[in-house]
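With this note's numbering applied, the sequence shown covers 1 to 205.
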Amino acid sequence: MYLNHEQALIVKVMVGRTHEFANRRFAGIVLEKSYEMGLRREFFDLGSTTLVTPSGRKEGDSIFAPGTLRPREDSWPTLAIECGVSQSLARFVVDSHWWLANSGGEVKIVILISVSKEAKSIHFEKWETVAVPNPRVTRANPHAFRATPTKMQELDIDGDVVTGAPLRLEFEKIMLRPPQAGEGDMVFDMQQLAEYAADLWSYNQ
C-alpha cells in the first residue's frame with residue numbers, strides 16, 4: 001500500500017496458506033449468505049482488486065460491492081476485509097482508516113481479521129465511519145461534526161470459545177438499499193464463527 005500524502009510505503013507481508021484460508025474462507029461465508037438471500041447477481045466478490053486514488057493505492061484482501069448500484073470498474077466497494085497472521089494489529093487499524101477515509105464514506109464496513117497460529121486465536125474488529133462532534137470548530141473548519149473511522153465491534157475466538165458474537169453486517173450498508181422480502185442483515189452467530197475457526201485450525205495442522 002502506497003500513501004502519497006505521507007510519502008510512505010507500507011509493505012504487506014503475505015504469510016502463505018493460513019492467511020489465504022482465513023481470508024478466503026470468511027469471504028466465502030459472506031458470499032454464501034448473499035446467495036441464500038438471492039443476491040447472486042447483485043452482490044459481487046471482487047477479490048483483491050487494487051484501487052488507485054489521489055492519496056495512494058490499496059489492495060484489499062477481499063472486497064465486495066453491490067453490482068447494481070456500483071457497476072463501474074473504479075467504483076468503491078461497500079465492504080472490505082483485511083486479514084493478517086501474527087502481525088501487528090496497529091497495521092490493520094491503518095488499513096481500516098485508509099478505506100474509510102479515502103473513500104469519502106463509500107466504504108461502509110471494514111472487517112479486520114487477526115490470526116495467531118501460536119495461540120490458536122482469531123481477533124475480529126468491525127470499523128465504520130461515524131459522525132462525531134468536532135471539538136475544534138473554527139472559521140476555517142466550521143462543521144459541528146466530523147467523519148471519524150470508529151471501531152464498532154470486537155470479537156475473539158480462543159480455541160473453540162467465542163466472545164462478542166454475533167457479528168452483524170447491516171444489509172443497507174453493504175447493498176445501499178433497504179432489504180426486501182427474504183433479505184436482511186448478514187449475521188455470523190457463535191456456532192458459525194466457531195466452525196470457521198475449527199476449519200482454519202484443521203486445515204493448518
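All residues carry an ideal CB built from backbone N, CA and C; glycine is no exception.
Just so you know, these numbers come straight off a predicted model, no measurement behind them.
For residue i, which three-state DSSP category applies?
| i | result |
| --- | --- |
| G28 | helix |
| V11 | In this prediction, V11 has a pLDDT of 45, which is less than 50 and means its spatial position is unreliable; nothing more can be read from the coordinates. |
| D45 | strand |
My guess is that residue i and residue j are in contact by the Cβ rule of under 8 angstroms, so how many angstroms apart are they, rounded?
| i | j | result |
| --- | --- | --- |
| D61 | S48 | 6 angstroms |
| H97 | P149 | 5 angstroms |
| L193 | A165 | 6 angstroms |
| K33 | M186 | 5 angstroms |
| L167 | L176 | Between L176 and L167 the Cβ distance is about 20 angstroms, and since that is not below 8 angstroms, they are no contact. |
To which residues does DSSP link residue i through a beta bridge?
| i | result |
| --- | --- |
| A80 | I63 and V110 |
| M186 | L169 |
| L51 | K58 |
| P149 | T129 |
| F124 | I113 and L155 |
| T240 | This structure gives no information on residue 240, because the portion of the chain shown stretches from 1 to 205. |
Distance check for residue j and residue i, CA to CA, integer angstroms please.
| i | j | result |
| --- | --- | --- |
| L46 | K58 | 13 angstroms |
| R17 | I157 | 19 angstroms |
| E82 | T129 | 16 angstroms |
| V13 | A181 | The pLDDT assigned to V13 is 48, lower than 50, so where the model puts this residue is not dependable, and the model offers no usable value. |
| V107 | E118 | 32 angstroms |
| T50 | V162 | 33 angstroms |
| E195 | T68 | 32 angstroms |
| S202 | F21 | 11 angstroms |
| N23 | V132 | 31 angstroms |
| W99 | A147 | 13 angstroms |
| N204 | F26 | 15 angstroms |
| L39 | M152 | 26 angstroms |
| G222 | H19 | The requested residue 222 does not occur in the structure, where the chain is confined to residues 1 to 205. |
| F188 | S88 | 25 angstroms |
| I63 | A90 | 20 angstroms |
Near residue i, what residues of its chain come up, given a Cβ to Cβ distance below 8 angstroms and the 5 sequence neighbours on each side ignored?
| i | result |
| --- | --- |
| F92 | E82, G84, L112, S114 and E125 |
| I109 | T78, L79, A80, K126, W127, E128, L169, E170, K173 and I174 |
Given residue i, which residues of its chain have a CB within under 7 angstroms of its CB, disregarding the five upstream and five downstream residues?
| i | result |
| --- | --- |
| A65 | F44, L46, S75, P77 and T78 |
| G159 | K120 |
Excluding the 5 residues preceding and the 5 following residue i in the sequence, name in chain order all residues of the same chain whose CB lies nearer than 6 angstroms to its CB.
| i | result |
| --- | --- |
| D95 | E82 |
| A197 | I122 and I157 |
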